[in-house]
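One structure is given below, encoded as structure tokens.
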Amino acid sequence: MRTPGRNEFEHRLFWTGIDDRGLELEIAGVEFEDEILVIHVMPTNFRRRGHNG
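Structure follows, in structure tokens:
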């Protein structure tokens, strides 16, 4: 998913992926003109645990 950033030159990106251990991760980054800066990575089950308990 891509959302607007703080200015016209950046976009925020959110996606999930599987690491080499098979753990599903949620990842957030900021896309600049020629690079992506990853600013957050967390196992998705941490978020689910917070909503269920």
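Read in my numbering, the sequence shown has 27 at position 27, and its numbers run on one by one without any break. Even for Gly, the Cβ is constructed at its ideal location relative to N, Cα and C.
- If you look at glutamate 26, you'll find it in the beta strand (DSSP E) that goes 24-31.
- Contact check for valine 38 against arginine 12 fails: the beta carbons are separated by 8 Å or more.
- The Cβ atoms of valine 41 and leucine 23 lie no closer than 8 Å to each other.
- With contacts defined as CB atoms closer than 8 Å, phenylalanine 46 and alanine 28 fail to qualify as a contacting pair.
- In the three-state reduction of the DSSP assignment, arginine 49 falls in the helix class, which pools H, G and I.
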